[in-house]
Amino acid sequence: ECGILPEVLKNTIEDVGEYYLVRNLSVHELVAHEFIDAFVKKGSCYALTYNTRIDQDNTAALLPNGKLILSVDKDTYEELGLQGRPSQYSGKKVMRYIITIDLTDA
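In this note's numbering, each residue's number is its place in the sequence shown (first place is 1) plus 22.
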């Protein structure tokens, strides 16, 4: 039955602890000093963009070590003006870039 998780998976998820689905949170809010002080520097915080395609959409991931990783298309990369590197999955014609920002340096 699809509605019942296997016991081993259920135990793994319970070990992770609480989590929340936050809708309509702009990426710029993750780099605000208030957010960094309250969540990034005082503990581990995970965040992933929801309902996006990593190979096509602009996406973001905040890792517990304080690294914010952006996977963006070429137009967004040029508009942001941040240092990054071509995505290894971009192919011969670079159309996607990876930007890594260490929020613990803020």
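Glycine included, C-beta positions come from ideal geometry on N, C-alpha and C.
Residues near A83 by beta carbon distance below 6 Å, same chain, minus five either side
L70 and I91
Out of P86, M117, K64 and G88, state which residue places its alpha-carbon closest to the alpha-carbon of E22.
No answer is possible for residue 22: it lies beyond the span of the chain, which begins at 23 and ends at 128.
Under 8 Å, do S96 and Y119 count as touching if we go by C-beta distance?
Ser is not the amino acid found at residue 96; the sequence shown has Lys there. Yes, the pair counts as a contact, with Cβ atoms nearer than the cut-off.
Would you mind giving the Cβ-Cβ distance between G17 and I121, rounded to the nearest angstrom? I have them listed as a contact below 8 Å.
Limits of the chain in this structure are 23 at one end and 128 at the other, which puts residue 17 out of reach.
Looking at the secondary structure, which residues open and close the beta strand (DSSP E) in which T81 lies?
T81 to L84
Which residue's Cα is closest to the Cα of N87: D37, K115 and K64?
K64
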